[in-house]
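This report refers to the structure that appears directly beneath it.
Protein chains: 2
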Amino acid sequence: MLNEKDENILWHTHHVSKDERAKIKGQKPCILWFTGLSGSGKSTIANMVESKLHNLNKHTYLLDGDNIRLGLNQGLSFSDADRVENIRRIGEVSKLFVDAGMIVLTAFISPFEEDRNRIREMMQEGEFIEVYVDTPLEVCEERDPKGLYKKARKGEIAEFTGVSSPYEKPQRTEIHIQTENISVASASEKVLEYLEKKGYLRC
Amino acid sequence: MLNEKDENILWHTHHVSKDERAKIKGQKPCILWFTGLSGSGKSTIANMVESKLHNLNKHTYLLDGDNIRLGLNQGLSFSDADRVENIRRIGEVSKLFVDAGMIVLTAFISPFEEDRNRIREMMQEGEFIEVYVDTPLEVCEERDPKGLYKKARKGEIAEFTGVSSPYEKPQRTEIHIQTENISVASASEKVLEYLEKKGYLRC
Chain A
0 MLNEKDENIL
10 WHTHHVSKDE
20 RAKIKGQKPC
30 ILWFTGLSGS
40 GKSTIANMVE
50 SKLHNLNKHT
60 YLLDGDNIRL
70 GLNQGLSFSD
80 ADRVENIRRI
90 GEVSKLFVDA
100 GMIVLTAFIS
110 PFEEDRNRIR
120 EMMQEGEFIE
130 VYVDTPLEVC
140 EERDPKGLYK
150 KARKGEIAEF
160 TGVSSPYEKP
170 QRTEIHIQTE
180 NISVASASEK
190 VLEYLEKKGY
200 LRC
Chain B
0 MLNEKDENIL
10 WHTHHVSKDE
20 RAKIKGQKPC
30 ILWFTGLSGS
40 GKSTIANMVE
50 SKLHNLNKHT
60 YLLDGDNIRL
70 GLNQGLSFSD
80 ADRVENIRRI
90 GEVSKLFVDA
100 GMIVLTAFIS
110 PFEEDRNRIR
120 EMMQEGEFIE
130 VYVDTPLEVC
140 EERDPKGLYK
150 KARKGEIAEF
160 TGVSSPYEKP
170 QRTEIHIQTE
180 NISVASASEK
190 VLEYLEKKGY
200 LRC
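These protein sequence lines map, in sequence, to chains A and B. So in numbering that gives the first Met the number 0, the last one in the first sequence is 202, and the numbering has no gaps at all. So in numbering that gives the first Met the number 0, the last one in the second sequence is 202, and the numbering has no gaps at all.
So, in structure tokens, the structure goes:
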């Protein structure tokens, strides 16, 4: 018979805690929530931040359209309700990763202050770090890496952020990156400096 | 201007890979998918396995009703469609954790072979380890830790697995734990031995 009170073990009811999971990783878990227009450089900077953290033996994970849209969030449309649900699920998954002791990076436009704040409020103090990748619309539009702005201007994409749907600038961002005049390397260094200074990179 | 071709860095397009994330953890990532009746001991065994792995400095995360039902999967009912969606999302999140290099443990009844196999097929060879916690219905029902069987017998819970909804015994389980006559400690040791033998606990 399954016996939970086996005399050989005293810790049978012990659940591994968030602190314990973080401790073997030598870091304080958090979400680096990158927000900004399409083409602002969110993913590029987030990827470089992840690489730099990995080189410091930090335990990271990056959530972006590539691993979310075709997996967990497949089937969600771009309707208002589904956009809210999209961001909600990303927030919930990020919370699980933080509980697992990880530094999780997310790179989504996430244009609405209310949605971002809802995730901030789900987390404990200091666990939600909003990184505003602030690139002027005209720069993003000129760059237009996926040709999406062109399509949006032609009316081929409805409710495209910055064109036919608003981007609400973050009001209480922890890290504000104005990408004009700085390189991706400098932008990511700024994030690293914040993490270092605030003690996220040690237990 | 944001410059992706900064001459100071050659690795700007580098994405941290699954292998790299696993390597700093000293393990091969996988899902330990615990399946079995309500009251079979899935969560208890999974918790002890997680504790033992953590004591070996392995990087783990446990998904169960406590952290999933009230978070990511809130709003899902117990209808057939929502049950499928429930397990689908758990599979997708587990896949993200495996991509992050973790050993993820899940403890859900997951009664349908088709649902379990769908997740197996999403994963790479060897990443999905089905752990069948095989406790006879009469034992689970006698134990009835949450009083759910009693309610189900009275008809107060519809479609309760083992009472009014089937449990499909796993056909291709990697680890089969018959819980009668063994302790939780022995059951969890069996899982650890499998992981050790198959090389999951080293790179």
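Just so it is clear, CB atoms sit at the ideal spot from N, CA and C, and this is done for glycine as well. This one's a predicted model, so the numbers in the text were calculated from it and none came from an experiment.
**Request:** Decide if the region 64 to 77 of chain A is in contact with the region 42 to 50 of chain B; the criterion is three or more beta carbon pairs, one per stretch, under 8 Å apart.
**Result:** Cβ pair count under 8 Å is below three, so no.
**Asked** If you measure beta-carbon to beta-carbon, which residues of the region 108 to 124 of chain A are closer than 9 Å to chain D?
**Response** Note that chain D does not occur in the displayed structure, where the protein chains are A and B.
**Asked** My guess is that V162 (chain B) and R152 (chain B) are in contact by the Cβ rule of under 8 Å, so how many angstroms apart are they, rounded?
**Response** One-based indexing of the second sequence puts residue 162 (chain B) at position 163. One-based indexing of the second sequence puts residue 152 (chain B) at position 153. With 8 Å as the limit, V162 (chain B) and R152 (chain B) qualify as a contact, their Cβ atoms being about 6 Å apart.
**Prompt:** Which whole runs of the beta strand (DSSP E) in the region 125 to 180 of chain B are 3 residues long or more, in chain order?
**Reply:** With a minimum length of 3 residues, the continuous beta strand (DSSP E) runs that stay inside the region 125 to 180 of chain B are 127 to 133, 174 to 177.
**Prompt:** Just the Cα atoms here: how many angstroms apart are N85 (chain A) and N180 (chain B)?
**Reply:** The count along the first sequence starts at 1 and reaches residue 85 (chain A) at position 86. The count along the second sequence starts at 1 and reaches residue 180 (chain B) at position 181. Rounded to the nearest angstrom, the two C-alpha atoms are 46 Å apart.
**Request:** Find the nearest neighbour of R201 (chain A) within the set A:E188, A:H13, A:G35, A:I102, judged by alpha-carbon distance.
**Result:** Residue numbering aside, residue 201 (chain A) sits at position 202 when the first sequence is read from its first letter. Nearest option by C-alpha distance: A:I102.
**Request:** Output yes or no for whether 9 Å exceeds the beta carbon distance between Y131 (chain A) and T172 (chain A).
**Result:** For the purposes of this step, residue 131 (chain A) is taken as residue 132 along the first sequence, with counting starting at 1. For the purposes of this step, residue 172 (chain A) is taken as residue 173 along the first sequence, with counting starting at 1. Yes. Within cutoff.
**Prompt:** Should K145 (chain B) be labelled buried (16 or more other beta-carbon atoms within 10 Å of its own) or exposed?
**Reply:** The residue you call residue 145 (chain B) lines up with position 146 of the second sequence. It counts as exposed.
**Message:** Looking at the secondary structure, which residues open and close the beta strand (DSSP E) in which A106 (chain B) lies?
**Reply:** One-based indexing of the second sequence puts residue 106 (chain B) at position 107. From DSSP, the beta strand (DSSP E) with A106 (chain B) extends over 102 to 106.
**Message:** Helix, strand or coil, according to DSSP, for F96 (chain A) in the structure here?
**Reply:** Locating residue 96 (chain A) in the first sequence gives position 97, where the first residue counts as 1. Helix at F96 (chain A).
**Request:** Have a look at L95 (chain B) and N66 (chain A) and give me their C-alpha separation to the nearest angstrom.
**Result:** For the purposes of this step, residue 95 (chain B) is taken as the residue at position 96 of the second sequence. For the purposes of this step, residue 66 (chain A) is taken as the residue at position 67 of the first sequence. Taking the CA atoms as reference points, L95 (chain B) sits about 8 Å from N66 (chain A).
**Asked** By the 10 Å Cβ neighbour count, where 16 or more other Cβ atoms means buried, how is H53 (chain A) classified, buried or exposed?
**Response** On the first sequence, residue 53 (chain A) is found 54 positions in, with the first residue counted as 1. Buried.
**Prompt:** Is S39 (chain A) near T134 (chain A), with beta carbons less than 9 Å apart?
**Reply:** Taking the first residue of the first sequence as position 1, residue 39 (chain A) is located at position 40. Taking the first residue of the first sequence as position 1, residue 134 (chain A) is located at position 135. T134 (chain A) is positioned such that its CB atom lies closer than 9 Å to that of S39 (chain A).
**Message:** Would you say Y199 (chain A) lies against chain B (beta-carbon separation less than 9 Å)?
**Reply:** The residue given as residue 199 (chain A) occupies position 200 in the first sequence. Not closer than 9 Å to any Cβ of chain B, the Cβ of Y199 (chain A) fails to qualify, so no.
**Item:** Backbone CA spacing between K149 (chain B) and K57 (chain B) [nearest angstrom]
**Value:** Reading the second sequence from its first residue, position 150 is the one you call residue 149 (chain B). Reading the second sequence from its first residue, position 58 is the one you call residue 57 (chain B). Note on geometry: alpha-carbon atoms of K149 (chain B) and K57 (chain B) lie some 39 Å from one another.
**Prompt:** Can you check whether the CB of E112 (chain B) is closer than 9 Å to the CB of Q170 (chain B)?
**Reply:** Numbered from its first residue, the second sequence carries residue 170 (chain B) at position 171. Numbered from its first residue, the second sequence carries residue 112 (chain B) at position 113. Less than 9 Å divides the Cβ of Q170 (chain B) from the Cβ of E112 (chain B).
**Message:** Using DSSP's beta-bridge definition, name the partner residues of Y199 (chain A).
**Reply:** To locate residue 199 (chain A), count along the first sequence from 1; it is residue 200. The partner list for Y199 (chain A) (beta bridge, DSSP) is empty, contrary to what the question assumes.
**Prompt:** Where DSSP assigns a beta bridge to T206 (chain B), which residues make up the other side?
**Reply:** Outside the displayed range of chain B (0 to 202) lies residue 206 (chain B), so it cannot be described from this structure.
**Item:** Cβ-based neighbour list, G100 (chain A), same chain, cut-off 6 Å, excluding 5 preceding and 5 following
**Value:** Position 101 of the first sequence, counted from the first residue, corresponds to residue 100 (chain A). The beta carbon of G100 (chain A) sits closer than 6 Å to those of R20, A21, K24, P28, all from its chain and outside the five residues before and after it, given in chain order.
**Request:** Can you give me the Cβ contacts of L36 (chain B) inside the same chain, cut-off strictly under 7 Å, excluding the 5 residues immediately before and after it?
**Result:** Your numbering for residue 36 (chain B) matches position 37 in the second sequence. Excluding positions up to five away in sequence, the list reads I108, T134, L136, C139, T160, G161, Y166.
**Selected residue, minimal CA-CA separation from L62 (chain B), among B:K51, B:D81, B:V83, B:I89** = Along the second sequence, read from residue 1 onward, the residue named residue 62 (chain B) stands at position 63. Nearest neighbour of L62 (chain B) by Cα position, chosen from B:K51, B:D81, B:V83, B:I89, turns out to be B:I89.
**Prompt:** Since L52 (chain A) is in the alpha helix (DSSP H), which residue starts that stretch and which ends it?
**Reply:** Stepping through the first sequence from its first residue, residue 52 (chain A) is reached at position 53. Run containing L52 (chain A): 41 to 54, per the alpha helix (DSSP H) assignment.
**Prompt:** Comparing the C-beta of L71 (chain B) with each C-beta of chain A, is any distance below 9 Å?
**Reply:** For the purposes of this step, residue 71 (chain B) is taken as the residue at position 72 of the second sequence. It does: the Cβ of L71 (chain B) has a partner Cβ on chain A nearer than 9 Å.
**Message:** Which residue marks the beginning of the alpha helix (DSSP H) containing I118 (chain B), and which one marks its end?
**Reply:** Here the question's residue 118 (chain B) lines up with position 119 in the second sequence. Residues 112 to 121.
**Prompt:** What does I86 (chain A) touch in chain B if you count any residue whose Cβ is under 9 Å from its own?
**Reply:** Locating residue 86 (chain A) in the first sequence gives position 87, counting from the first residue. None at all; the shortest Cβ gap to chain B is about 13 Å.
**Item:** Sequence-distant residues of the same chain with beta carbon closer than 6 Å to W32 (chain B), five excluded per side
**Value:** Reading the second sequence from its first residue, position 33 is the one you call residue 32 (chain B). Correct list, in chain order: T105, E129.
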